[in-house]
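Visitor: Its first residue numbered 1, the sequence shown is counted upward by one per residue in UniProt numbering.
Note that the Cβ used here is the ideal one computed from N, Cα and C, for glycine as well.
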Amino acid sequence: MFPATSHATPAATSSSSSSPLHVQLLQTAPNQQLESPLFTVFPAEIRSEIITLALSDFPDTESQYVANTLYTRPSYFASRKSDVRLLRTCRAIYAEAWHLPFTLREQTHWLTSDDRAPPDHHSWVAKYSMLKAAGVIKAAQGIDVVEIQSLRLFAQIWAVEGGRVGGFMRDLVRHGVGPRRVTLTIRHTGWWWWESDQYEDR
Numbered sequence: 001m002f003p004a005t006s007h008a009t010p011a012a013t014s015s016s017s018s019s020p021l022h023v024q025l026l027q028t029a030p031n032q033q034l035e036s037p038l039f040t041v042f043p044a045e046i047r048s049e050i051i052t053l054a055l056s057d058f059p060d061t062e063s064q065y066v067a068n069t070l071y072t073r074p075s076y077f078a079s080r081k082s083d084v085r086l087l088r089t090c091r092a093i094y095a096e097a098w099h100l101p102f103t104l105r106e107q108t109h110w111l112t113s114d115d116r117a118p119p120d121h122h123s124w125v126a127k128y129s130m131l132k133a134a135g136v137i138k139a140a141q142g143i144d145v146v147e148i149q150s151l152r153l154f155a156q157i158w159a160v161e162g163g164r165v166g167g168f169m170r171d172l173v174r175h176g177v178g179p180r181r182v183t184l185t186i187r188h189t190g191w192w193w194w195e196s197d198q199y200e201d202r
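(1) On the premise that Gln-149 lies in contact with Leu-104, defined as a C-beta separation below 8 Å, what is that separation, rounded to the nearest angstrom?
(2) Which residues in the same chain have their Cβ closer than 8 Å to the Cβ of Asp-171, if we skip the five residues on either side of it in sequence?
(3) Would Tyr-71 pass as a contact of Arg-116 if the rule is Cβ separation under 8 Å?
(4) Contact check, Thr-112 vs Gln-156 under 8 Å by CB: the rounded distance?
(5) With Arg-47 as the anchor, note down where its alpha helix (DSSP H) starts and where it stops.
(6) Measuring only the C-alpha atoms, how far is Pro-118 from Phe-77?
(7) Which of the three DSSP states, helix, strand or coil, is assigned to Gly-178?
(8) List the residues that DSSP assigns as beta-bridge partners of Trp-124.
(9) Evaluate Glu-35 with the Cβ neighbour count: other Cβ atoms within 10 Å of its Cβ, from every protein chain shown; 16 or more gives buried, anything less gives exposed.
(10) Give me, in chain order, the residues of the same chain whose beta-carbon lies closer than 8 Å to that of Trp-98; leave out the 5 immediate sequence neighbours on both sides.
(11) Would you give the residue range spanned by the beta strand (DSSP E) that Ala-67 belongs to?
(12) Just to check my reading of the structure: Ala-134 and Val-177 have Cβ atoms closer than 8 Å, yes? What is that Cβ distance to the nearest angstrom?
(13) With a CB to CB cut of under 6 Å and the five nearest residues on each side skipped, what residues in its chain are close to Thr-9?
(14) Hey, Trp-110 and Ser-123 are a contact pair by Cβ (cut 8 Å); roughly how many whole angstroms apart?
(15) Let's test the definition: count the other Cβ atoms within 10 Å of the Cβ of Ala-67 and tell me whether it reaches 16, buried, or not, exposed.
(16) Of the choices Ser-75, Ile-186 and Gly-166, whose alpha-carbon is the least far from that of Thr-61?
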């Protein structure tokens, strides 16, 4: 089951008109959807699986990377996206699963020089956005650590040896972000002297 999100009483929401829409949606108790099989027939565990499947991320085929670049890989040929239309169907689903597009998505970061990452990826901005989103979830759910499904780091060897990868992971711990799975990828072109393969004779 998903973590429960507390709801304010109607009286408490009257003064929240200046709050972000996201906060207002969570402050108002949802309709119980007693006519919906998703809430009245399926067990909560099955509903959780259905919603998880619907909100899981996937490659955005309309935003593919340029082929033969230093950041395009067989399993990473496009940016990733989530289809969040399910969250717009009713407040009950939104209250139960609003955080899932973030926690389910494989959080992907390039710890490389700028020319080895997608043009729209800026490492410090991406990390800040991730930590900020985690902070919103922690505050709403009253938890200390947000578990995310997966963290994938594409790095050059200098980022590993120079401590940038380690620093990135320490920032996650300090801000209460706990990935269940961490994948570190160092491509052939990420090693020292890869152009002439002299790294083997080092």
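Guide: Short version:
(1) Counted from its first residue, the sequence shown places residue 104 at position 104. Counted from its first residue, the sequence shown places residue 149 at position 149. Confirmed, about 5 Å.
(2) Within the sequence shown, residue 171 is the residue found at index 171, counting from 1. Excluding positions up to five away in sequence, the list reads Lys-127 and Leu-131.
(3) For the purposes of this step, residue 71 is taken as the residue at position 71 of the sequence shown. For the purposes of this step, residue 116 is taken as the residue at position 116 of the sequence shown. The answer is yes: Cβ separation under 8 Å.
(4) Translated into positions along the sequence shown, residue 112 becomes position 112. Translated into positions along the sequence shown, residue 156 becomes position 156. That belief holds up - the Cβ atoms of Thr-112 and Gln-156 are roughly 5 Å apart, short of 8 Å.
(5) For the purposes of this step, residue 47 is taken as residue 47 along the sequence shown, with counting starting at 1. Run containing Arg-47: 44-55, per the alpha helix (DSSP H) assignment.
(6) Stepping through the sequence shown from its first residue, residue 118 is reached at position 118. Stepping through the sequence shown from its first residue, residue 77 is reached at position 77. Spanning the two alpha carbons is a distance of roughly 10 Å.
(7) Indexing the sequence shown from 1 puts residue 178 at position 178. Here Gly-178 sits in strand by DSSP.
(8) In the sequence shown, the residue the question calls residue 124 occupies position 124. BP columns for Trp-124 are empty, so no partner.
(9) Here residue 35 refers to the residue found at position 35 when the sequence shown is read from its first residue. Exposed, by the Cβ-count rule.
(10) For the purposes of this step, residue 98 is taken as residue 98 along the sequence shown, with counting starting at 1. Within the same chain, Trp-98 has close Cβ partners Thr-5, His-22, Leu-25, Leu-26 and Leu-87.
(11) Taking the sequence shown and counting its residues from 1, the one referred to as residue 67 is at position 67. No beta strand (DSSP E) contains Ala-67, which DSSP labels as neither H nor E.
(12) Within the sequence shown, the letter at position 134 stands for residue 134. Within the sequence shown, the letter at position 177 stands for residue 177. Yes, Ala-134 and Val-177 are in contact; Cβ-Cβ is about 5 Å, under 8 Å.
(13) Reading the sequence shown from its first residue, position 9 is the one you call residue 9. In this predicted model, Thr-9 has a pLDDT of only 36, less than 50, meaning its place in the structure is not dependable; the value taken from the coordinates is given anyway. Once the five neighbours on either side are set aside, Thr-9 has no close Cβ partner at all.
(14) Start at 1 with the first residue of the sequence shown, and residue 110 comes out as number 110. Start at 1 with the first residue of the sequence shown, and residue 123 comes out as number 123. Indeed they touch by this definition, with Cβ atoms about 6 Å apart.
(15) Within the sequence shown, the letter at position 67 stands for residue 67. Result: exposed.
(16) Taking the sequence shown and counting its residues from 1, one reaches residue 61 at position 61. Closest by alpha carbon: Ser-75.
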